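If you're matching positions, the sequence shown starts at 2 in our numbering and goes up one per residue. C-beta: ideal position from N, C-alpha, C; glycine also. All of these numbers come straight from a predicted model, not from anything done at the bench. Each remark here refers to the structure printed beneath this line.
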Amino acid sequence: MRAVDIIIKKRDGGVLTDEEIRYFIDAYTAGEIGDDQAAALMMSIFFRGMDYDETTALTLAMAESGKQVDLSGIKGVKVDKHSTGGIGDKTTMIVGPITAACGVPVAKMSGRALGFTGGTIDKLESIPGLSTSIPIEKMVEIVNDTGICVAGQTLELAPADKKLYALRDVTGSIESIPLIAASIMSKKIAAGADAIVLDVKYGSGAFMKTKADAKALADTMCGIGEKAGRRTVAVLNSMEEPLGMCIGNTIEVKESVETLKGGGSEDLKKHCFELAAHMISLGLGIGFEEAEAMALKSVEDGSALRKFAQMIKVQGGDPSVCDDPDAALGIPKYSYVIRAEKDGSIEKCDAYSIGMAAYALGVGRTSLKGKIDPRAGVKLIVKSGVDVKKGDGLCVLYSDSPVSEEAIERASSAYIYR
Ligand code: URA
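Shown next, in the form of structure tokens:
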């Protein structure tokens, strides 16, 4: 078999066989096929798509490209969660501790920023000292001791996805249903959880722009999950506006702590409690409403915040983040307030434009080995439905280097008046 023939077949709209997909993924993982040919295949799939059987074959080949995690050493039903990526999506830092505080073990592998969307690992690593490079055996030990561990996708787990994910990020081939489904489900299947809750976003700030595409992605992923013997539930969520009020790395850690203390914006709280309730319900085998009540209680009684502090400490980070986030995470050197140009009512704070502003500030990577600015970010002062007067602050841009014109333009254009 030759990689170039497989690329040409897909480029011309052909349907790949299991053997062709398996050969390509195995050879790419082994370094026998280079990034050039892999990028060409990804772009061909992006334009030509894949049918359900091809997507399942791609998922399984990627899941089996590395180690299959055995979580049987952890007591209880292990429930994983995955978001398809959005703007201001800090749910893992809130939902993980809530779920663990309610007695459901959380052994979670998360990703880095991708394109204009953030990544949980970059957010967590903005906490001084915190490490997400945790070998699987150690992760099992930590979850048995504390109930929660959030680790970066190790090289051992779905290495084909790790390479392809980074490659797609810098070659414009992210927004494809089969590629996203295979990427997410390969990691989830390899990560060994018994049940999976998928948080599928749609709208301007998501990879899926329409609800119909998000539904198609959710259905594809649920089908693959069930085929692999994992109970899989998907929740669809709008990403027309950012989730919560903060977008960035340290800034989202701060908002997560505030939410675990019972504060935070209503949209963020509502979404987190819904996800946590699904995880608790699957983990404990109880009804959704009972699970939701448990989730609410864990925030009210402080056990979820204590769980987050414990998780940070065990992973080597500074748990004082949960007491005084500004002191532990620092304040960015530069800030710039975007102000209303006129009196009016805000119809929308566009998630994509805010995501691009955050990207221009340094929140994400622009190349494979690029660095991020952990303190860069956007803090929204208002979102839709708010009346403003000319000169009122709409949002604040933060960075450790001078705020760029591009970021200012992107953030200003995010606000659409009625
Ligand atoms: N999240 C993933 O894990 N993979 C994708 O391809 C997109 C979002």
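In the structure shown, the three-state DSSP call for residue 295 is helix. Any heavy atom of ligand 1 counts here; residues with a Cβ closer than 7 Å to one of them, in chain order, are 83, 85, 86, 112, 115, 166, 169, 175, 180, 181, 184, 185, 188 and 208.
Beta-bridge analysis with DSSP links residue 238 to 202.
In the three-state reduction of the DSSP assignment, residue 379 falls in the strand class, which pools E and B. Taking a C-beta distance under 8 Å as the contact criterion, residue 105 and residue 284 qualify as a contact pair. Across the structure, residue 3 and residue 271 are spaced so that their CA atoms are roughly 50 Å apart. Contact check for residue 79 and residue 96: beta-carbon distance about 15 Å, past the 8 Å limit, so the pair fails to qualify. Rounded to whole angstroms, residue 149 and residue 19 show a C-alpha spacing of 36 Å. The closest CA to that of residue 275, considering only 361, 201 and 129, is found on 201.
With a minimum length of 3 residues, the unbroken runs of beta strand (DSSP E) contained wholly in the region 88-148 fall at 107-111. Ranked by how close their Cα comes to the Cα of residue 67, the residues 407, 319 and 26 have 26 in first place.
Judged by beta-carbon spacing, residue 56 lies within the 8 Å limit of residue 183, meaning their Cβ atoms are closer than that value.
The DSSP-derived three-state label of residue 82 is strand. Secondary structure note for residue 270: it is in no beta strand (DSSP E), and the uninterrupted alpha helix (DSSP H) holding it is 267-285.
Annotation: the continuous beta strand (DSSP E) that includes residue 249 extends over 247-249. Closest option to residue 354, judged by alpha-carbon separation, among 71, 39 and 89: 89. Across the set 123, 352, 21 and 196, the C-alpha of 352 shows the shortest separation from the C-alpha of residue 412.
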